[in-house]
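Engineer:
In my numbering, the protein residues as written are 402 to 539.
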């Protein structure tokens, strides 16, 4: 088991200039506005409820914040979850967008990006190894 890690042990770089807003679970989310954080939560809730409007909620989220790291992670995960080879390039595009904002991310967000990178490379054991410390902390 890995050592416990939290956001205070991995502070955001001072130069990043990113805003943090709590998500529905009180975790810091790098976002352009509190409305974008709410839209992120709504997208997650729609997905978990098997909502037919999940895609629309994701589009609305990108309308509020086209650079939110976790929105790109979420999009990449959705593309991978479809299990369609034709969607793999879209998952990699989402990964590239998330990686472009790593300098603004919290430890948890960076770790989600790393897990998505492993998933996109078909390295599921590596992806799981990246998610485990997040689960241990949160």
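The beta-carbon is built from N, C-alpha and C at its ideal position, and this holds for glycine as well.
Remember, predicted model here, so these are calculated numbers, not experimental data.
Give me the residue from 440, 467 and 513 with the minimum Cα distance to residue 527.
Structural biologist: Among 440, 467 and 513, the Cα nearest to that of residue 527 belongs to 513.
Engineer: Using CA atoms only, rank isn't needed, just tell me which of 462, 456, 451 and 457 is closest to residue 439.
Structural biologist: Taking only the C-alpha atoms, the option nearest residue 439 is 462.
Engineer: What span of residues does the alpha helix (DSSP H) with residue 444 cover, start to end?
Structural biologist: Here the alpha helix (DSSP H) through residue 444 covers 435-449.
Engineer: For residue 431, report the span of its beta strand (DSSP E) as first-last.
Structural biologist: Unbroken beta strand (DSSP E) run through residue 431: 429-431.
Engineer: Nearest CA to the CA of residue 471: which residue from 457, 537 and 429?
Structural biologist: For residue 471, the nearest C-alpha among the options comes from 429.
Engineer: At which residue ranges does the segment 456-510 contain complete alpha helix (DSSP H) runs of 4 or more residues, listed in the order of the chain?
Structural biologist: Whole alpha helix (DSSP H) segments, 4+ residues: 470-482 and 489-500.
Engineer: Out of curiosity, what's the CA-to-CA distance linking residue 489 and residue 423?
Structural biologist: Answer to the nearest angstrom: the Cα atoms are 30 Å apart.
Engineer: For the alpha helix (DSSP H) containing residue 532, list its first residue and its last residue.
Structural biologist: 525-538 is the span of the alpha helix (DSSP H), which, as asked, contains residue 532.
Engineer: Answer yes if the segment 513-523 comes into contact with the segment 471-481, meaning at least three C-beta pairs across the two stretches below 8 Å, and no otherwise.
Structural biologist: Enough Cβ pairs lie closer than 8 Å, so yes.
Engineer: With a Cβ-Cβ cutoff of 9 Å, do residue 477 and residue 491 count as a contact?
Structural biologist: Yes, the pair counts as a contact, with Cβ atoms nearer than the cut-off.
Engineer: By Cβ distance, which residues of its chain are closer than 7 Å to residue 473, with the 5 residues on each side in sequence left out?
Structural biologist: Same-chain partners within the cutoff: 495, 498 and 499.
Engineer: Taking Cβ to Cβ, would you say residue 509 is nearer than 9 Å to residue 468?
Structural biologist: No, they are not a contact pair.
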